[in-house]
Amino acid sequence: MDRIEVTSSELKSVGYDPNLGILEVEFRNGGIYRYLDVPQYHYDSLLTAESLGKYFNANIHTHYRYSRLS
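Mapping of the sequence shown onto numbering that gives the first Met the number 0: position 50 corresponds to residue 49, and the numbering continues sequentially without gaps.
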């Protein structure tokens with residue numbers, strides 16, 4: 000999945016597959032995770048959030064199933 004670089008102290012890049020509802024997040028510490036069944040509006044809101052890390056932690060991290068890719 001293609002990811003775009005983001006400006007965040009916590010997140011390095013994010014990508015989204017709207018057909019599958021998969022959000023892929025690369026963290027600055029090197030971890031890459033896939034979050035499942037994430038609605039498009041969360042991806043859109045994440046990209047426009049004042050703080051990507053805060054939005055991610057409040058609305059995505061503990062609300063959706065995920066798996067670590069690396």
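Positions of the beta carbon are idealized from the N, C-alpha and C atoms, including for glycine. Because the structure is a prediction, the values reported are computed rather than measured.
{"Item": "Per DSSP, the bridge partner or partners of isoleucine 59", "Value": "Note: isoleucine 59 sits in no beta bridge, so no partner."}
{"Item": "Beta-carbon spacing of leucine 46, valine 24 below 8 Å", "Value": "no"}
{"Item": "With 16 other Cβ atoms within 10 Å as the buried cut-off, status of histidine 41", "Value": "buried"}
{"Item": "Simplified DSSP state of glycine 20, which is helix, strand or coil", "Value": "coil"}
{"Item": "Where serine 66 falls: helix, strand or coil (DSSP)", "Value": "strand"}
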